[in-house]
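Reviewing the structure listed below.
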Amino acid sequence: MYRWGEEPKSGKSKWIGLSVVVLLAAGFSSMVVMTIQPSFKQYPPTEKQLDPARLRTHVAMLSETFAPRNYLCRRNLEKTAGYISNHLARANGQMSRQVYEVEGRKYRNVIAVFGPETESRIVVGAHYDGCGNTPGADDNASGVAGLIELAYLLGQAELNQQVELVAYTLEEPPFFRTGDMGSARHAYRCRQNNVGIEGMISLEMIGYFSDKAGSQHFPSPLLKLFYPDTGNFIAIIGSMGDRKLAKEMKVSMRSATDLPVHCMCAPKGYPGIDFSDHRNYWNNDYTAVMVTDTAFMRNFGYHGSADTVDTLDYDRMAKVVLGVYEAVVRMANEDG
194 MYRWGEEPKS
204 GKSKWIGLSV
214 VVLLAAGFSS
224 MVVMTIQPSF
234 KQYPPTEKQL
244 DPARLRTHVA
254 MLSETFAPRN
264 YLCRRNLEKT
274 AGYISNHLAR
284 ANGQMSRQVY
294 EVEGRKYRNV
304 IAVFGPETES
314 RIVVGAHYDG
324 CGNTPGADDN
334 ASGVAGLIEL
344 AYLLGQAELN
354 QQVELVAYTL
364 EEPPFFRTGD
374 MGSARHAYRC
384 RQNNVGIEGM
394 ISLEMIGYFS
404 DKAGSQHFPS
414 PLLKLFYPDT
424 GNFIAIIGSM
434 GDRKLAKEMK
444 VSMRSATDLP
454 VHCMCAPKGY
464 PGIDFSDHRN
474 YWNNDYTAVM
484 VTDTAFMRNF
494 GYHGSADTVD
504 TLDYDRMAKV
514 VLGVYEAVVR
524 MANEDG
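Written out as structure tokens, the structure is:
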């Protein structure tokens, strides 16, 4: 009600205020959509099967027989590389290796190619070294076990596009964030040779799950508004430029099994978003995402002696691998 002596409120001012609120809400909604990559699209569930016991065998070999796997334990690293090579070859991969020298010592990436030679390829990688003297079951024997079993699945698949699997060395400190990471060497070589990469997928800690409420933590309290606080899901992490790949991965993985799948795309400077080998493909202008159980945001055995073979969930890890397989095959054959 207008009272004598008061300045009447302008209808124009009201509309300006309302417009600002609407724009802010729309901007916030857009950011949420870009971050979580929602989708109602669904594919048929996978028809493939994977024995979880096979994954446990690989993790036990790396985290017990070949541990520790730090950069000074070159004998164990070589045994690990040999173990991976033997399996990828048995899966009918076309084998090669990338050897390079750091501080007077030689290290190698193990590479296997599946499918025909094409102008571009899909790269899936996992690092096989470990941090210090820890067992490194989840970090990252789990990712390597997934890579090995993915190879056996791909070896039986019809592919229209080449898929390259890479087991990297030297992801862990003191070489993390340096050009001596195995993935840095591989990504740089691809760029120098003008290799087209449709997308890179990093398997980084894929075996730790919890059904306990409050078991999932986040780098920011704000994320609790959009993601569950129970660590029973697998996450796909990418930058804002990786949204298309991240969404394709999410839809395929979510459709393949009943394992919950969540996605987050954020600016590259966001804390933790670049904590694996995918960062080096970003640095070489490739699209790349990380598939992860969120590491220390859930698994408090991270980089410690408690990161052991018996702490992982191999049934759910198998679902992760089957989901990645379905995503990779769908991407490789989308134009076929």
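Per the working numbering, residue 194 is the first one in the sequence shown, and the count goes up by one each step.
The beta carbon of each residue, even a glycine, is placed where N, CA and C say it ideally should be.
In the DSSP annotation of this structure, the continuous segment of the alpha helix (DSSP H) that includes residue 252 starts and ends at 245 to 253.
Straight-line measurement puts the Cα of residue 323 at about 7 Å from the Cα of residue 332. Only residues of its own chain outside the window of five on either side were considered, and among them none has a CB closer than 6 Å to the CB of residue 503.
By the neighbour-count definition (other C-beta atoms within 10 Å, threshold 16), residue 313 is an exposed residue. Judged by DSSP in its simplified three-state form, residue 360 adopts strand.
Comparing alpha-carbon positions, the option among 484, 249, 243 and 498 lying closest to residue 427 turns out to be 484. As summarised for the stretch 379 to 461, the continuous alpha helix (DSSP H) elements at least 4 residues long and confined to that stretch are 436 to 449, given in chain order.
Under the three-state reduction of DSSP, residue 466 is assigned to coil, being neither helix nor strand. Bounds of the alpha helix (DSSP H) holding residue 273 are 267 to 283. Less than 9 Å divides the Cβ of residue 429 from the Cβ of residue 482. With contacts defined as CB atoms closer than 9 Å, residue 486 and residue 492 qualify as a contacting pair.
According to the DSSP assignment, residue 302 belongs to the beta strand (DSSP E) that extends over 298 to 307. Annotated three-state conformation of residue 496 is coil, per DSSP.
Contact between residue 338 and residue 473 is absent: CB atoms are separated by about 22 Å, not below the 8 Å threshold.
According to the DSSP secondary-structure assignment, residue 372 is paired through a beta bridge with no residue. Sequence-distant partners of residue 507 (beyond 5 residues in either direction) whose C-beta falls short of 6 Å from its own C-beta, in its chain, are 245, 248 and 249.
Within 10 angstroms of the beta-carbon of residue 468 lie 16 or more other beta-carbons, which makes it buried.
The beta carbon of residue 480 sits closer than 6 Å to the beta carbons of 392, 435 and 438 from its chain, once the five residues preceding and following it are set aside; these are given in chain order. About 5 Å separates the beta carbon of residue 394 from that of residue 317, a gap short enough to meet the 8 Å contact definition. For residue 348, no beta strand (DSSP E) segment is defined, and its DSSP state is neither H nor E. Annotation: residue 502 is outside any beta strand (DSSP E) and is labelled neither H nor E by DSSP.
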